[in-house]
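Undergrad: Dumping the structure here so I can ask a few things about it.
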Amino acid sequence: MSGKNPAIAKKTWSNRWTFMLAAAGSAIGLGNIWKFPYITGEYGGGAFVLIYLICIAVMGIPLLMAETAIGRNTRLSPLNGIKKLTGELGVSRLWQVIGWMGMLSGFLILSFYSVIAGWSLSYAWDLLTGVFHGMNPARVSGEFSGLMASAPRQIMWHTAFMLITLFITARGIHKGLEKGLQVMMPALFLLLLIMLGYSMLETGQFMRGLDFMFSIDFSRLTAAAIPAALGQAFFTLSLGMCALMAYGAYMPSSNSIARTAFSVAILDTIMAVISGLVVFPIVFAYGLEPGSGPGLLFVSLTAAFANMPMGEWFGFLFFVLVGLAALSSAISLVEPVVAWMTERVNISRTMATVLVSVAVWLVGLGTVFSFSGDFEVRFFDKNFFELVDFLTSSILLPLGGMLIAIFAGWIMKRSMIMNELALSIGLFNLWRAMTRQLFP
7 MSGKNPAIAK KTWSNRWTFM LAAAGSAIGL GNIWKFPYIT GEYGGGAFVL
57 IYLICIAVMG IPLLMAETAI GRNTRLSPLN GIKKLTGELG VSRLWQVIGW
107 MGMLSGFLIL SFYSVIAGWS LSYAWDLLTG VFHGMNPARV SGEFSGLMAS
157 APRQIMWHTA FMLITLFITA RGIHKGLEKG LQVMMPALFL LLLIMLGYSM
207 LETGQFMRGL DFMFSIDFSR LTAAAIPAAL GQAFFTLSLG MCALMAYGAY
257 MPSSNSIART AFSVAILDTI MAVISGLVVF PIVFAYGLEP GSGPGLLFVS
307 LTAAFANMPM GEWFGFLFFV LVGLAALSSA ISLVEPVVAW MTERVNISRT
357 MATVLVSVAV WLVGLGTVFS FSGDFEVRFF DKNFFELVDF LTSSILLPLG
407 GMLIAIFAGW IMKRSMIMNE LALSIGLFNL WRAMTRQLFP
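Okay, so the sequence shown: first residue is 7 according to the numbering used here, each after it adds one.
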C-alpha cells in the first residue's frame, strides 16, 4: 500500500515474507503430516504422488492465485469483499454465497480439526511422560481406542487447542498472527528436519521409503485415487474455504501474487513429501502397514516410537510438530469469520474471536461424541463427524472452489483481476483459460 490510508496500512502484513509464512501456515497442516502419508499408503505410493502433484500444479496454484487476488482487491473479509464486488460489478447478490460457504467450511472443518489436533497434544504429553514405553502395537491400539472412548479426555485437549488458537487470533494481525507464525513456522520446519534426519540415519529403511513414494507403478493406482488426489490438493492448500482470501486482504500491493502462490504450493508440497519420508521408513522398519488409514500416526507410528531408542523424545517432537502444523492452519480457518464479525458488528476483535471460538468448540463436541460413541444420532446413515467431513470435503470445498474460479474468471473485469495478478499477457491468458474453462 502507499501508506496514505492508515486504516488500510494498519491491516496489511509487515512484509512479503510474513504473508508467505501466513499463507504457508494456512496450507501446511494436518493435511500434510497426518493425512498425506496415510492416503499415499492407501493409494499405492508413487503413482498417487504424481497425480497429486499434477492436481497441485494444474488446479491448486491458479485457484490459490484467484482467492488471494479477490481478497487483496477488496481489502475486506471474504463475505463483505464479495458483497462489495457484486455491487461494483452490478451482478447478482447470489454470488455472496461464496463468502457464506467459505466461512461455513472453515468453521465446520475447524470444529473437527481441533479435536484431531487435540489428539496430537495428548500423544505428545503421553510420549513425554512414558505412557507408551515398551508397548506393542496391540496395546497402543488399545490406548488409542481408550482415547476415542473417553469424551472427557478428548474435550480437555480439544479445549486446550481452541484456547491456544483463540489467544493468538485475538491479538490481531501484527501482535497475534505475525508473531505466532514467525515462531511456529520455523519451529515446524526445524522439527520436521530433525525427524527426517532420524529416518535417514537410524531406521535403515530410508531408501525403501523413498522408493515407495517415488517409484511409479500405475497398476497400483485405482479409479478412486484421482478424486482422492484432487480432494487432498484442495484440503492441503486450504482452497475453497476463503482462508487465502482473508489473508490476501492483508497482502501489500507490492507483493507478487503469482510468485507467492508458487512459493506456498512448493513449500506445502515439500512439507507433505518430507512427512512421507519421515513416516514410511519408520513404518517399514517396524514391519507396519503403510496403508493402515487414519490410524497410521496414532497407532502404527506410535507403536514404533514406543519401542525405538529415545522413541519417547522423538515421538514427543513428532506430535508437537503435528500440533504446530494444525495450529497454523486453525488460525487461518477462524480468521474469515472473525474478520467478518469485526466489520459487520461493532465489537472488538477479541470479543469476536471469543464468540467464534466458543461456537467452534461447541460444534466440536459433536465430533467428540461421535468418536466416543456417546452421540448415536445418525444423519443419512452417517454420524455427526462423518456428516460434517462429507459436507465439507465432498460438497462445500469443491463447490466453493469452482464458484471462486468462475467468479474470478468470468465475473470480475479482466482489467481488475489482471491488475492484481500482474502477469504477462501470455501467462494471464493461460490462467484465465484455466479458471474459465478447465475448472468448471
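Even for Gly, the Cβ is constructed at its ideal location relative to N, Cα and C.
None of the values given here were measured: they were computed from a predicted structure.
Assuming contact is defined by CB atoms lying nearer than 9 Å, are residue 444 and residue 434 in contact in what I supplied?
TA: As a first step, residue 444 is located in the sequence shown; it is residue number 438 there, counting from the start. As a first step, residue 434 is located in the sequence shown; it is residue number 428 there, counting from the start. Not a contact, by the Cβ cut-off of 9 Å.
Undergrad: Could you spell out where the alpha helix (DSSP H) holding residue 129 opens and where it closes?
TA: Mapped onto the sequence shown, residue 129 falls at position 123. Per DSSP, residue 129 belongs to the alpha helix (DSSP H) from 103-134.
Undergrad: Relative to the C-alpha of residue 407, which residue among 275, 265, 237 is closest?
TA: Position 401 of the sequence shown, counting from 1, holds the residue named residue 407. Among 275, 265, 237, the Cα nearest to that of residue 407 belongs to 237.
Undergrad: What is the residue span of the alpha helix (DSSP H) that residue 287 lies within?
TA: Locating residue 287 in the sequence shown gives position 281, where the first residue counts as 1. Residue 287 -> alpha helix (DSSP H) spans 263-291.
Undergrad: Only counting the same chain, and skipping five residues up and downstream in sequence, which positions put a Cβ closer than 6 Å to that of residue 89?
TA: Sequence index remark: in the sequence shown, residue 89 carries index 83 (1-based). Contacts found: 102.
Undergrad: Work out the CA separation of residue 394 and residue 384 for me, nearest whole Å.
TA: For the purposes of this step, residue 384 is identified with residue 378 of the sequence shown, where counting begins at 1. For the purposes of this step, residue 394 is identified with residue 388 of the sequence shown, where counting begins at 1. Whole-angstrom Cα-Cα distance: 12 Å.
Undergrad: For residue 365, I'd like the list of residues in its chain whose CB is within less than 8 Å of its CB, leaving aside the five on either flank, ordered along the chain.
TA: Mapped onto the sequence shown, residue 365 falls at position 359. Answer for residue 365: 113, listed in chain order.
Undergrad: Below 7 Å CB to CB, which residues in the same chain sit around residue 56 once its five sequence neighbours on both sides are set aside?
TA: Taking the first residue of the sequence shown as 1, we reach residue 56 at position 50. If we look at residue 56 and ignore the five residues flanking it on each side, its Cβ neighbours are 222.
Undergrad: Here's the rule: buried if 16 or more other CB atoms are within 10 angstroms of the residue's CB, otherwise exposed. What is residue 41?
TA: Within the sequence shown, numbered from 1, the residue matching residue 41 stands at position 35. Result: buried.
Undergrad: In this structure, how does DSSP classify residue 185 when only helix, strand and coil are distinguished?
TA: Here the question's residue 185 lines up with position 179 in the sequence shown. Helix, per DSSP.
Undergrad: From what residue to what residue does the alpha helix (DSSP H) around residue 367 run?
TA: The count along the sequence shown starts at 1 and reaches residue 367 at position 361. Counting along the chain, the alpha helix (DSSP H) containing residue 367 begins and ends at 355-378.
Undergrad: By Cβ distance, which residues of its chain are closer than 6 Å to residue 74, with the 5 residues on each side in sequence left out?
TA: Locating residue 74 in the sequence shown gives position 68, counting from the first residue. Same-chain partners within the cutoff: 250, 254, 263.
Undergrad: Using the C-alpha atoms, what's the distance from residue 71 back to residue 331?
TA: For the purposes of this step, residue 331 is taken as residue 325 along the sequence shown, with counting starting at 1. For the purposes of this step, residue 71 is taken as residue 65 along the sequence shown, with counting starting at 1. For residue 331 and residue 71, the distance between alpha carbons rounds to 22 Å.
Undergrad: Find out if the Cβ-Cβ distance for the pair residue 273, residue 45 is shorter than 9 Å.
TA: Reading the sequence shown from its first residue, position 267 is the one you call residue 273. Reading the sequence shown from its first residue, position 39 is the one you call residue 45. No. Outside cutoff.
Undergrad: Under DSSP, the alpha helix (DSSP H) around residue 319 begins and ends at which residues?
TA: Here residue 319 refers to the residue found at position 313 of the sequence shown. Unbroken alpha helix (DSSP H) run through residue 319: 317-350.
Undergrad: Quick one: what's residue 413 bridged to in DSSP?
TA: For the purposes of this step, residue 413 is taken as the residue at position 407 of the sequence shown. None, per the DSSP bridge assignment.
Undergrad: Note down, in chain order, each residue of its chain lying with its Cβ closer than 6 Å to the Cβ of residue 370, except the 5 sequence neighbours on either side.
TA: In the sequence shown, the residue the question calls residue 370 occupies position 364. Within the same chain, residue 370 has close Cβ partners 117, 120, 121, 164.
Undergrad: Once the 5 residues before and after residue 109 are set aside, which same chain residues still bring their CB inside 7 Å of it?
TA: The sequence position of residue 109 within the sequence shown is 103, counting from 1. The residues are 84, 85, 248, 342, 343, 346.
Undergrad: Please check the pair residue 294 and residue 306, which I expect to be a contact at CB under 8 Å, by giving their CB distance rounded to whole angstroms.
TA: For this step, residue 294 is matched to residue 288 along the sequence shown. For this step, residue 306 is matched to residue 300 along the sequence shown. About 4 Å separates the two Cβ atoms, so the contact holds.
Undergrad: Measuring only the C-alpha atoms, how far is residue 153 from residue 36?
TA: Here the question's residue 153 lines up with position 147 in the sequence shown. Here the question's residue 36 lines up with position 30 in the sequence shown. Going by the C-alpha atoms only, they are around 19 Å apart.
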